[in-house]
Each structure stands twice: as structure tokens, then as C-alpha cells.
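Each step along the sequence shown adds one to the number in our numbering, with nothing skipped, and position 64 is 65.
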Amino acid sequence: GYGWYRKHLVIKPEWASKRVCIEFEGAFQDAEINVNGTRLGEHKGGFTGFSMDITSAIHPGDNVLAVRLNNNWNAQIEPRAGDHTFMGGIYRDVRLVVTDPLHVAWYGTFVTTPDVSNGSAIVNVKTEIANQGTAAKNCVLTTDILDPDGKPVAHLSSTQQIDAGATATIDQTSPAIPSPKLWHPAHPFLYTAATTVSNGTTPVDDYKTTFGIRSIKWTADQGFFINGEHYYFHGANVHQDHAGWGDAIVDYGAFRDVKMVKDAGLDFIRGSHYPHHPAFADACDQLGVLFWSENCFWGIGGANKEGYWTASAYPPNQDDQGPFEQNALDTLRDEIRIFRNHPSIVVWSMCNEAFFSGNMDKVKGLLTKLVNEAHQLDPTRPAAIGGCQRGDIDKLGDVAGYNGDGAKIFNNPGIPNVVSEYGSKITDRPGDYDGQFNSRDLNYDTPEYPWRSGQSLWCAFDYSTILGHFGCMGFVDYFRIPKRSWYWYRNQYLHIPPPEWPQNGTPAKLSLTADKTTIQGTDATDDCQLLVTVQDAHGKPISNSPPVTFTIESGPGEFPTARSITFNPPSKDPKSDNAIRDGMAAIEFRSYYGGKTIIRATSPGLEDGTVTITTTGDPRFVPGQTPVAADRPYVRYTQAYQPASVSQNVALNHPAS
């Protein structure tokens with residue numbers, strides 16, 4: 002349904018000659034922006050960011066920003082279907098951005114490395130400069146290339162007159178940079194392009210772009226290459242939502258996810274099945290994980306009835322087809338603009354299983370348009386067709402991603418290819434100590450064929466879905482506690498033996514720990530994960546799982562359920578999604594106020610566990626004065642909608658299983 006957000010903004014008098022924008026990184030899925038009662042615009046699409054200029058509607062002093070969101074299913078917006086829960090609202094960061102009329106446009110730099118070797122590299126920077134002033138400006142653009150240690154290795158300077166109301170792209174190419182530090186999963190070195198925009202001799206804007214120096218190549222007969230070397234990758238698919246907080250995770254939550262994949266010995270992530278948070282791509286850059294970034298043209302098997310998220314991937318109604326195709330192109334355009342400077346991103350994917358559609362000729366036409374658009378927007382990366390094992394769509398792009406049994410049906414398809422999904426093993430934690438291979442798609446003993454680029458597990462983390470228990474396919478659970486298969490992968494690829502599994506014992510006490518005890522800032526970009534472990538009298542972890550409650554004893558912060566949260570064993574409350582299993586439970590904790598928080602874990606008859614978390618920054622928490630989060634007790638969400646039972650061909654376009 003619909004929801005409103007309102008925020009009072011104080012506009013400073015000295016901003017009278019500036020441009021003021023609101024930048025959103027994600028809002029699901031139809032956002033209407035209003036300032037002081039004036040409707041300024043709308044953005045349709047829940048997985049890409051956008052910028053809205055509000056200069057015309059503001060005045061010095063108090064102003065009211067009002068944003069109306071709705072997450073209603075819309076026949077003309079992608080995705081129309083998918084194995085996920087399509088939550089509503091503003092769920093990523095929002096920023097107020099104040100610039101001079103002469104400035105770098107929104108995500109206006111495009112850094113490429115057209116010539117790369119171990120001996121030298123050339124860097125090309127295309128910078129879009131907007132002049133939103135009333136007169137032409139003499140723009141001086143300087144770009145300093147800084148190496149991973151912050152040392153300047155190249156200086157570029159250009160001058161160009163830009164007319165009022167115009168945007169110009171200034172193209173700069175560096176001289177050869179000797180002995181560059183190349184970006185690679187084993188050594189993810191990052192450079193910075195430091196941009197300064199001057200109006201004549203007066204600096205008016207600065208902008209920093211992080212990038213990596215690396216080359217990539219996808220081949221049909223020899224697989225994937227990075228920096229001229231063959232590289233077979235092993236990865237996993239990742240959804241963006243976390244237990245309790247849903248899609249509204251903080252930046253560090255995205256980092257935590259990427260790190261858990263990397264710590265399992267994997268080096269590739271497929272961003273299933275939509276553009277992810279910019280912080281997620283940042284983490285892939287920093288940690289050295291190859292990233293398959295995907296558009297949200299997404300299909301799902303079933304009745305494909307209009308009106309709900311199990312509909313046909315492509316609209317059956319002609320009136321919806323033109324607007325839907327434009328939305329798919331718009332989303333792809335924004336995705337590439339936002340993420341094009343990330344060295345971790347090695348391919349743009351157009352879709353996932355779009356063959357779950359009634360009109361395959363139309364689907365093929367749209368995929369061809371998307372591939373052509375991707376080539377125009379970014380000639381440096383290939384365009385992939387994700388989930389292409391049905392419908393004769395695998396050769397419409399440059400790379401084919403085969404899900405499930407497609408790995409065997411299209412064993413050597415004659416084009417660059419990956420196993421984009423294998424496994425799909427449904428299990429609750431702790432699960433089995435094994436790799437999630439199966440005879441349907443990818444056997445453990447299947448050789449890593451020289452023509453195949455890599456393979457990606459479905460999936461890394463459990464996730465929320467309209468299909469119920471279908472989401473319990475991760476090798477890590479929804480609360481970000483590893484299942485035993487995570488340890489199998491870590492042993493397989495990093496040769497780290499698994500820990501001793503907890504056994505049944507006599508519970509005596511609780512151990513409460515945090516992945517870190519300091520939260521940096523109060524702007525909801527950082528958090529910490531709390532983990533409780535049931536122990537016996539000697540401090541040994543055991544598998545017994547009594548009910549446990551986390552309570553904020555003093556200080557700021559909150560859980561998804563406000564100041565306390567309870568975890569019950571499935572045997573006591575089988576309908577609860579907040580479970581303690583195998584003697585462990587976890588949840589992410591965040592704070593919007595600075596100060597020290599004491600959190601206590603309790604269970605009847607057991608010794609308590611405590612942890613202290615410090616949040617830096619302002620405003621500070623003042624006991625008795627600062628308002629605390631009101632209780633919002635957990636209520637299990639039950640899906641009311643049931644797809645109509647209709648006769649259908651259950652074999653058409655469906656995996657053989």
C-alpha cells in the first residue's frame with residue numbers, strides 16, 4: 002500500500018545561489034517527491050537510486066519534504082514477479098546535496114582503463130559537468146589520479162566553456178602509469194580520481210571516484226580472464242534482506258554479507274536479481290569479490306496471473322508493454338550509471354528467468370534492446386542473459402548464465418557461460434556438512450570445464466519470499482549465522498577445518514558477543530551483530546536451545562522489535578520466525594543516538610550474558626530525556642493472497658525437476 006515520509010529541512014540563506022538536490026539510493030517502488038506542497042516529480046522502480054532537484058520549491062528557513070511511496074504491484078514496472086518479498090518504503094540512504102550551479106552531475110564520472118598490463122596502464126576519465134546557472138561558465142576541470150596509498154601518479158587538466166543550462170562531457174586520458182597496482186580478488190587495490198571543478202580560477206566543486214585498474218575478458222572456449230590470466234571463479238547468489246530489518250539494512254550490513262561470502266573462500270557474487278545497494282558494490286571492490294550486477298527483469302513459475310508478484314515476467318496486455326519496456330531500459334540505464342566505476346563488476350546481466358512469460362517473441366525483443374543499450378552505455382563490460390536455460394534466449398547476449406539443470410543441458414554452449422545457480426537445497430540451520438551440489442545441475446565431481454567461467458551457489462543467505470519455506474536455501478541463515486555447509490565451503494577453498502559441532506548438554510549460562518562493539522555514527526550506515534551462545538558450566542557451547550531474550554538495559558539503540566527481542570526454539574513456537582537453533586541466535590542492533598548501551602541476554606535458570614556497545618556521534622542519548630523506540634512486538638506475517646488454481650502446462654519452460 003501507501004506510506005508517507007515527512008522531514009523538516011532548514012535551508013540556509015547562503016544557499017540562495019546554490020542548487021539543492023535530494024539523492025535517494027533506493028525507495029520501493031513508486032516514489033512521489035513533494036516540497037512545501039509542490040509536487041516535483043516521481044521515480045518508478047525500487048532498486049535504483051535517483052536525484053531530485055528541489056531548488057525551485059525551497060526557501061530560506063524551515064521547509065517540509067514529503068515523500069509518498071507505494072509498493073503496489075504494477076503491470077508496467079519491473080519486476081512483475083520474483084521469489085522474494087517486495088517490501089515498501091525508503092530503505093536505503095537519502096542525502097541532501099548542495100552544489101554550485103557549476104558541478105559534477107549525479108554519478109557523473111566514468112573511469113575506464115583501456116590499456117592495462119603489469120608494466121603500465123592508461124586511465125580514461127569522462128566527467129559530466131552541469132552548468133545550471135544563468136550564464137555561460139569557463140570551466141576548468143582538473144583530475145588527479147591517486148594510487149592506493151594516496152600518492153598522485155597523474156595530473157589531468159582541461160578547460161571548456163559550458164553554456165547556461167547545458168551539460169558537457171569532458172574526456173581526459175592519462176599518460177602511461179608505470180607499474181600499476183592491479184585490482185584482483187587476491188589483491189583488490191583501489192585508485193582514486195580526485196576531481197576539482199573551477200569557474201575560471203575559483204574552485205566550486207570537488208568529487209572523488211574510487212576505481213580499480215584491471216582488464217577482463219570472457220571467452221567461449223577458455224573461460225574468464227582477469228589481467229590476462231585465466232581465472233575460474235566460485236561464488237554464490239545474494240539477496241539484500243536481513244532478518245528483522247528486511248531490505249532496510251545499513252551499509253555495514255552489506256559489507257558483512259560480502260565478507261561472509263569471501264570468508265567462505267568464494268570470490269564471486271551474483272546480485273540476485275536486482276541492482277543492489279551502492280555499499281554492497283563498495284564492499285565487493287574493497288574485499289576482492291567479482292560481482293555480477295543484474296537488472297530486475299525477473300520471472301517466476303506458476304499460474305502467471307496478472308495482479309500479483311507471480312505474474313508473467315513480460316506483460317501480456319499490449320497497453321502495458323511499451324511502458325514496461327521503457328521502465329526496464331530506465332532501470333538498466335540508472336544501474337550502469339551508478340555502478341560503472343566499480344572494478345568488481347565484471348558483467349551486466351539483463352534478467353533472471355525471463356522465460357516465465359507468455360509472449361517469448363516480445364521477451365526476446367526486449368532482451369535484445371537491453372543488450373544493445375548496455376553496449377552503448379558501457380562498452381567495457383559484456384551483457385549477460387541470466388537464467389537463460391529455457392526459451393531459446395541464451396545467445397541473445399555476450400554471456401549466458403544457466404540456472405539449475407541448464408548447467409547440464411547446455412554443458413558447452415559455444416558462448417561465454419557460467420553456472421549462475423546450482424544447489425537450491427532447502428534446510429534450516431545447522432544443516433549438513435556438505436557442498437550443496439546435486440545430480441540435477443552440478444555434481445561435486447563435475448570437472449571445472451576449461452570453457453566455463455565459473456559457478457555460483459543458490460544461495461548465500463536465507464531470504465524472505467512470497468513462496469514461504471522456499472527461501473531457506475542459503476549456506477548462512479537469515480540472521481547471518483553460518484550453517485554447516487558454509488564451513489564445508491571454507492574448508493574446500495581455504496583449507497580451514499570446521500569447528501567442533503555443539504552437542505546436547507546441560508545449559509548453565511549464556512555468552513553474548515558482538516562482531517564489533519563500536520557503531521560509527523548515528524546516521525544508520527553502521528550497526529553490529531549480536532550473537533548469543535548457550536554454554537554448559539565449563540563455558541563449552543552446546544546445542545540446547547532454550548528461549549532467550551535480549552533487552553537493552555540502558556542507553557540508546559534498538560532491535561527490529563524495539564528495546565527487546567525474544568528467540569524461541571521451534572519446538573516451543575513452531576510458527577515463530579525468531580528461532581534459536583543449535584544453541585545460537587543472532588540479530589543486528591543499531592542506534593540513532595550517541596552513547597553507551599548495555600544489552601543483556603536472559604533465559605530462565607541460566608546465567609545472563611551482557612555486552613556493551615558504544616555509538617559515536619550526535620545527537621547524544623540523555624537518559625530520561627531522549628525518546629526511546631516504542632515497542633513493536635513481532636507478529637508473524639501471513640500471506641493472504643493465494644494464486645488462482647488453473648489448468649496449466651507444468652512442463653512448458655519449466656526445469657525438468
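The beta carbon of each residue, even a glycine, is placed where N, CA and C say it ideally should be.
Annotated three-state conformation of G254 is helix, per DSSP.
Here DSSP, grouped into helix, strand and coil, assigns R96 to strand. Buried is the label assigned to P276, since at least 16 other Cβ atoms lie within 10 Å of its Cβ.
Around N342, the same chain offers V112, T210, F212 as residues with beta carbons nearer than 6 Å, after the five sequence neighbours per side are excluded.
At least 8 Å separates the beta-carbon of T613 from that of L513. Under the rule that a run must span 4 or more residues, the alpha helix (DSSP H) segments found entirely inside the stretch 222 to 288 read 252 to 264, 279 to 288. Cβ-Cβ separation between V98 and E24: approximately 5 Å, consistent with a contact (criterion under 8 Å).
A straight line joining the alpha-carbon of Y208 with that of T143 spans about 11 Å. CA-CA distance, Q456 to R621, rounds to 48 Å. Counting along the chain, R601 sits inside the beta strand (DSSP E) bounded by residues 596 to 603. When beta bridges are read from the DSSP output, N139 appears opposite Q162. In this structure, the CA atom of T86 is about 9 Å from the CA atom of G247. Under the 10 Å beta carbon count, E230 is surrounded by fewer than 16 other beta carbons and is classified as exposed.
Looking at the backbone, the Cα of G392 and that of N579 are separated by about 40 Å.
Restricting attention to alpha helix (DSSP H) runs no shorter than 4 residues, the stretch 403 to 455 encloses them at 407 to 410, ordered along the chain.
The three-state reading of DSSP puts L66 in strand, counting E and B together.
According to DSSP, residue pairing for G90 in a beta bridge involves F29.
Ranked by Cα distance from I600, the first of V623, V549, P324 is V549. Per the C-alpha coordinates, the member of H274, T39, K541, I301 positioned closest to A82 is I301. Contact between the stretch 283 to 300 and the stretch 497 to 513 is absent, with fewer than three C-beta pairs closer than 8 Å. Inter-segment contact for the stretch 459 to 474 and the stretch 564 to 571 is absent: fewer than three beta-carbon pairs are separated by less than 8 Å. Residue I12 holds the alpha-carbon nearest to the alpha-carbon of C22 among G323, I12, Q30, F29.
The beta carbon of K365 lies closer than 7 Å to those of I394, L397 in the same chain, with the five residues before and after it left out. I614: member of the beta strand (DSSP E) spanning 610 to 616, first to last residue. Between M585 and I482, the gap from beta carbon to beta carbon is short of 8 Å. When the beta-carbon positions are compared, F269 and C352 stay at least 8 Å from each other. Annotation for Y479: no beta strand (DSSP E) segment contains it, and DSSP assigns it neither H nor E.
At a Cβ-Cβ threshold of 8 Å, H185 and N132 do not count as neighbours. With the rule of 3 Cβ pairs closer than 8 Å, the stretch 65 to 80 does not count as touching the stretch 162 to 172. Within the same chain, and ignoring the five residues on either side of S199 in sequence, the residues whose Cβ sits closer than 6 Å to its Cβ are V141. Where D172 is concerned, the enclosing beta strand (DSSP E) starts and stops at 168 to 174. With respect to the 8 Å criterion, I163 and A194 are not classified as neighbours on the basis of their beta carbons. M53 has I23 as its beta-bridge partners, per DSSP. Exclusion of the five residues before and after D63 leaves H9, V11 as the residues of its chain whose Cβ lies within less than 7 Å of its Cβ. E43 counts as exposed, since fewer than 16 other beta carbons sit within 10 angstroms of its beta carbon. Taking the C-beta atoms as reference points, G402 is found nearer than 8 Å to G387.
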